[in-house]
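Engineer: Take a look at the following structure, please.
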Amino acid sequence: MITVNGIRNALWCAIAFGIVACASAPMPTDKLAVAKTAVERAEQAQAAQFAQVELTSARNKLAAAQAAADKHDADVAARMADQAEVDAQLAEYTARAKQQEQLVEQMDAGLRDLRNEAQRNSSGAGAVTPPPQPQPQ
Amino acid sequence: MKGLKLGLTATLTTLWALAGCETAPQDGGLLPDARNAVAHAEQDPNVTKYAPTELDRARKLLINAEGSAKDKGATSTVASHYAYLATQMARIAEQRAHEQVATARIKSGESERQQVLLTARENEANQAKADATQARNLAQNAQAELARQQAESQRLAAQMEDMQAAQTSRGIVLTLGDVLFDTGRADLKPGAARPIEQIASFLAEHPERRVQIEGFTDSQGGNDYNLELSQKRADAVAMAIIQRGVAAERVRALGYGEEFPKASNNSDGSRQLNRRVEIIVSNGDDAIPGRTTTGSP
Numbered sequence: 001m002i003t004v005n006g007i008r009n010a011l012w013c014a015i016a017f018g019i020v021a022c023a024s025a026p027m028p029t030d031k032l033a034v035a036k037t038a039v040e041r042a043e044q045a046q047a048a049q050f051a052q053v054e055l056t057s058a059r060n061k062l063a064a065a066q067a068a069a070d071k072h073d074a075d076v077a078a079r080m081a082d083q084a085e086v087d088a089q090l091a092e093y094t095a096r097a098k099q100q101e102q103l104v105e106q107m108d109a110g111l112r113d114l115r116n117e118a119q120r121n122s123s124g125a126g127a128v129t130p131p132p133q134p135q136p137q
Numbered sequence: 001m002k003g004l005k006l007g008l009t010a011t012l013t014t015l016w017a018l019a020g021c022e023t024a025p026q027d028g029g030l031l032p033d034a035r036n037a038v039a040h041a042e043q044d045p046n047v048t049k050y051a052p053t054e055l056d057r058a059r060k061l062l063i064n065a066e067g068s069a070k071d072k073g074a075t076s077t078v079a080s081h082y083a084y085l086a087t088q089m090a091r092i093a094e095q096r097a098h099e100q101v102a103t104a105r106i107k108s109g110e111s112e113r114q115q116v117l118l119t120a121r122e123n124e125a126n127q128a129k130a131d132a133t134q135a136r137n138l139a140q141n142a143q144a145e146l147a148r149q150q151a152e153s154q155r156l157a158a159q160m161e162d163m164q165a166a167q168t169s170r171g172i173v174l175t176l177g178d179v180l181f182d183t184g185r186a187d188l189k190p191g192a193a194r195p196i197e198q199i200a201s202f203l204a205e206h207p208e209r210r211v212q213i214e215g216f217t218d219s220q221g222g223n224d225y226n227l228e229l230s231q232k233r234a235d236a237v238a239m240a241i242i243q244r245g246v247a248a249e250r251v252r253a254l255g256y257g258e259e260f261p262k263a264s265n266n267s268d269g270s271r272q273l274n275r276r277v278e279i280i281v282s283n284g285d286d287a288i289p290g291r292t293t294t295g296s297p
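Structure below.
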């Protein structure tokens, strides 16, 4: 329900914001949003598991950027948001690289087993049995 | 890359000198880290190949950092900020390259895997083909062997016929003419090998049968001499048969001299008929009856 009081409060807020905005640079809301998205992307890439240090740094800086924005410190907010973004990107790519490298290791092990199996089958006589699939990890 | 590095170093030295004049900092702040990080990324060929955009961003951020350091000091907030961003961007470029390298490796690994599987399947198919060929060859060989054995026994039968094998009450009687020995001698001529081989083969195929070798001469020469000669000749044939693997107890040799002539001894032709070795093969495992009457073998 929108009340007259509510509208008056909103107006007061707007005026207050206007004064602050006049006093310093505008809040870097774009940078904050970008940093937030970058952190979310890192989380989706399982950075919590594969790039914990980088993700933690990104989260802390995002929080710092948010806190600075809340205190209307636009410069600090912008810097922290930028740093949070690169930290999050680093977390994302590190996690992705590590996962791919893990896949490579598993694949190499599988290939090795497959080659050995093929070797055994071609050199030794006897029935060809499907190779036992090794369970990585 | 080296030239660029040298150039960069020179630029940095200049910047350092300038920075030294301006603020004389004890510490380069985050700037040295950023320079190292960017240089490290630049040295990795995979980075230039797979993450050129990120590397470019890192370079630009480093330039910003250098510029800020020049303007406001290396340890200034803004210089440190850009230095930090440059460092992280260089690392991002490296991780991006790592990811791409791994992805490419996975792709090539998949085709390697397919190749290994294909080769294995081909090997299996070839093995199966080889096995089938071998089985077929074995079957063919067995068939050929059977045919050969059949032909051999047919040949043997034909040869027995050639040797004028005659079925009598005493057994099968084979008469070998005077082709086996030279006159007055008891050692087998090479031409004897074939009939003896045939007899031995026949006995090998019929292990129950026995054989008796009987030697005869014509009437020329002394009686004792002829008796001894015929015995020696029968012994020679028996020995040859035994040497071809027939048990000695199955072979008996007897010399009859000029007894039991086949013909009159009045002419060369008739005497030739009388110079002979007869081989009597038992009917089954019957004993071979001795000779009693002249002219009936």
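So the protein sequences, as listed, match chains A and B.
So in this note's numbering, spot 57 of the first sequence is number 57, and the numbers just go up one at a time.
So in this note's numbering, spot 268 of the second sequence is number 268, and the numbers just go up one at a time.
By construction, the Cβ of each residue, glycine as well, lies at the ideal position given by its N, Cα and C atoms.
1) What does DSSP give as the partner residue(s) for residue 216/B in the beta ladder?
2) Tell me, to the nearest whole angstrom, how far the beta carbon of residue 208/B is from that of residue 285/B; I am working on the premise that it is less than 8 Å.
3) Hey, would you say residue 63/A sits closer than 8 Å to residue 32/A, going by beta carbons?
4) If we call anything under 8 Å between Cβ atoms a contact, is residue 54/A one with residue 87/A?
5) Quick check: residue 92/B and residue 54/B, are their CB atoms within less than 8 Å of each other?
6) Find the residues of chain B that neighbour residue 107/A, judging by a C-beta separation of less than 7 Å, and give them in chain order.
7) If contacts are defined as beta-carbon pairs under 8 Å, then residue 281/B and residue 233/B qualify, I think. What distance do you get, rounded to the angstrom?
8) Contact defined as beta carbons within less than 8 Å: I believe residue 83/B pairs with residue 65/B. What is the distance between those atoms, to the nearest angstrom?
9) Tell me whether the beta-carbon of residue 196/B lies closer than 8 Å to the beta-carbon of residue 240/B.
10) Enumerate in chain order the residues of its own chain whose CB-to-CB distance from residue 262/B is below 6 Å, with the five nearest sequence positions on each side excluded.
11) Check the C-beta distance from residue 220/B over to residue 271/B and give it rounded, since I have them as a contact under 8 Å.
12) Suppose the cutoff is 6 Å on Cβ atoms and the five residues either side in sequence are ignored; what does the same chain contact list for residue 226/B look like?
13) I need the straight-line Cα distance from residue 89/B to residue 47/A, nearest angstrom please.
14) Is residue 250/B closer than 8 Å to residue 188/B when the C-beta atoms are compared?
15) Quick check: the Cα distance between residue 106/A and residue 111/B, rounded to an integer number of angstroms?
16) So if DSSP puts residue 46/A in a beta bridge, which residue, or which two residues, is it bridged to?
17) Assign residue 179/B to one of two classes, buried (16 or more other C-beta atoms within 10 Å of its C-beta) or exposed (fewer than that).
18) Which residues does DSSP pair with residue 167/B in a beta bridge?
19) Thinking residue 81/B and residue 59/A are a contact (beta carbons under 8 Å), I'd like their distance in whole angstroms, please.
20) With a 10 Å radius around its C-beta and 16 neighbouring C-beta atoms as the bar for buried, classify residue 146/B as buried or exposed.
21) At a CB-CB cut-off below 7 Å, which residues of chain B make contact with residue 43/A?
22) Buried or exposed, going by whether 16 or more other CB atoms sit within 10 Å of the CB of residue 21/A?
23) Check the C-beta distance from residue 35/A over to residue 84/A and give it rounded, since I have them as a contact under 8 Å.
24) In whole angstroms, give me the CA-to-CA distance for residue 34/B and residue 29/A.
25) Taking the C-alpha atoms as reference points, what is the distance between residue 91/A and residue 52/A?
26) Could you tell me whether any Cβ in chain A is nearer than 8 Å to the Cβ of residue 239/B?
27) Could you check whether the Cβ of residue 160/A sits closer than 8 Å to any Cβ belonging to chain B?
28) Mind checking if residue 40/B is an interface residue toward chain A, Cβ cutoff 8 Å exclusive?
29) Along the chain, where does the beta strand (DSSP E) that runs through residue 67/B open and close?
30) To which residues of the same chain is residue 42/A closer than 8 Å at the C-beta, ignoring the five residues directly before and after it?
31) For residue 83/A, return the contacting residues in chain B, with the cut-off set at a CB-CB distance below 8 Å.
32) Where does residue 109/B sit, in a helix, a strand or coil, going by DSSP?
33) Use the C-beta contact count for residue 314/B: other C-beta atoms within 10 angstroms, 16 or more gives buried, fewer gives exposed.
34) Taking only beta carbons into account, state which residues of the segment 31-61 of chain B come closer than 7 Å to chain A, listed in chain order.
35) My output table needs one value for residue 253/B: the three-state DSSP class, helix, strand or coil.
36) With distances taken between CB atoms, is the gap from residue 109/B to residue 111/A smaller than 8 Å?
Structural biologist: On the basis of the supplied data:
1) 276/B
2) 4 Å
3) no
4) yes
5) yes
6) 106 and 109
7) So it is not a contact: roughly 18 Å between Cβ atoms.
8) 4 Å
9) yes
10) 273 and 274
11) 7 Å
12) 217, 257 and 258
13) 17 Å
14) no
15) 15 Å
16) For residue 46/A, which the question treats as bridged, DSSP gives no partner whatsoever.
17) exposed
18) 172/B
19) That pair is no contact at about 19 Å.
20) exposed
21) The contacting residues do not exist; residue 43/A stays about 16 Å from chain B at best.
22) Confidence at residue 21/A is low in this model, with a pLDDT of 45, below 50, so its placement is unreliable and the value that follows should be read with caution. Exposed is the call here.
23) 4 Å
24) 27 Å
25) 7 Å
26) no
27) Here chain A covers residues 1 to 137 and nothing more, so residue 160/A does not appear.
28) no
29) Residue 67/B -> not in any beta strand (DSSP E); alpha helix (DSSP H) instead, spanning 52-72.
30) 51, 54, 55, 58, 88, 89, 91, 92 and 95
31) 81, 84, 85 and 88
32) helix
33) Residue 314/B lies beyond the range of chain B shown here (1 to 297); nothing can be said about it.
34) none
35) strand
36) yes
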